[in-house]
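Worksheet for the structure shown next.
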């Protein structure tokens with residue numbers, strides 16, 4: 006049996022996310038927007054709860070279509086809160102619209118949200134070699150910097166801890182433990 010990080014704790018949804026998505030570099034703005042939304046929704050909750058509502062978010066926000074999300078009205082957001090399987094926190098739902106608008110502005114300036122984010126790491130993921138999950142930080146100086154920069158651009162629910170999780174989610178950083186079969190070095194060797 007291959008060794009993996011323990012945080013999925015045997016939950017099939019968490020394990021699939023760990024194995025297929027977590028710390029895998031992404032350059033797709035729609036997917037990146039989805040992960041930013043889900044990480045923001047997690048604030049104060051468990052990742053397992055958020056993942057269990059992921060399909061509801063995808064349905065409610067038309068698979069994170071940026072133009073659609075940017076045009077949502079207050080009434081639309083209230084309907085989403087009432088009718089969809091999402092976190093029922095209105096400020097978090099409003100942040101989807103606010104963040105979509107901010108991303109559209111970044112796309113005009115940088116070409117893509119992906120380009121904006123990947124410039125923080127010179128286009129190369131930070132690959133850590135932790136021996137244990139206890140070593141993984143909750144935030145870093147870089148997550149604080151990105152958080153500050155996003156807040157200046159009017160993003161919401163982008164504190165430094167949320168942003169560090171987001172960095173892991175989209176593969177800006179690889180925080181699989183060194184012995185995990187899904188660590189970048191082990192994936193490369195397995196090919």
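In the working numbering, the protein residues as written are 6 to 196. For each residue, glycine too, the CB sits at the ideal point set by N, CA and C.
Tell me whether residue i is buried or exposed, calling it buried when 16 or more other Cβ atoms sit within 10 Å of its Cβ.
i           : result
residue 15  : exposed
residue 78  : exposed
residue 6   : Because the pLDDT at residue 6 is just 45, under 50, the model does not fix this residue reliably, and the point stays unresolved.
residue 167 : buried
residue 105 : buried
For the alpha helix (DSSP H) containing residue i, name the first residue and the last one.
i           : result
residue 121 : 118 to 123
residue 185 : Element bounds for residue 185: n/a, residue is neither H nor E.
residue 159 : From DSSP, residue 159 is part of no alpha helix (DSSP H); its letter is neither H nor E.
residue 70  : Counting along the chain, residue 70 falls outside any alpha helix (DSSP H), and DSSP gives it neither H nor E.
residue 168 : 165 to 174
residue 45  : 34 to 47
residue 23  : 17 to 25
residue 99  : 95 to 115
residue 83  : 79 to 88
Can you check which of these residues, the options, is closest to residue i by C-alpha distance?
i           : options            : result
residue 46  : 124, 59, 22        : 59
residue 178 : 128, 34, 75        : 128
residue 8   : 191, 155, 184, 171 : 184
residue 173 : 108, 93, 43        : 43
residue 54  : 37, 13, 163, 153   : 13
residue 171 : 141, 23, 41        : 41
residue 37  : 117, 51, 81        : 117
residue 93  : 112, 65, 120       : 65
residue 145 : 180, 33, 113, 80   : 180
residue 112 : 33, 67, 142, 187   : 33
residue 67  : 24, 39, 51, 192    : 39
residue 122 : 169, 18, 69        : 169
residue 192 : 26, 81, 154        : 26
State the CB to CB distance for the pair residue i and residue j, rounded to an integer number of angstroms; the pair is presumed to be in contact (CB under 8 Å).
i           : j           : result
residue 103 : residue 161 : 5 Å
residue 31  : residue 175 : 5 Å
residue 62  : residue 91  : 5 Å
residue 125 : residue 151 : 6 Å
residue 148 : residue 130 : Incorrect: roughly 14 Å between the Cβ atoms, too far for contact.
residue 18  : residue 50  : With 8 Å as the limit, residue 18 and residue 50 do not qualify as a contact, their Cβ atoms being about 14 Å apart.
residue 10  : residue 138 : 6 Å
Worksheet item: Any contact of the region 73 to 86 with the region 95 to 113, i.e. 3+ C-beta pairs under 8 Å?
Response: yes
Worksheet item: Counting Cβ pairs, one atom from each stretch, are 3 or more of them under 8 Å apart for the region 68 to 77 and the region 150 to 160?
Response: no
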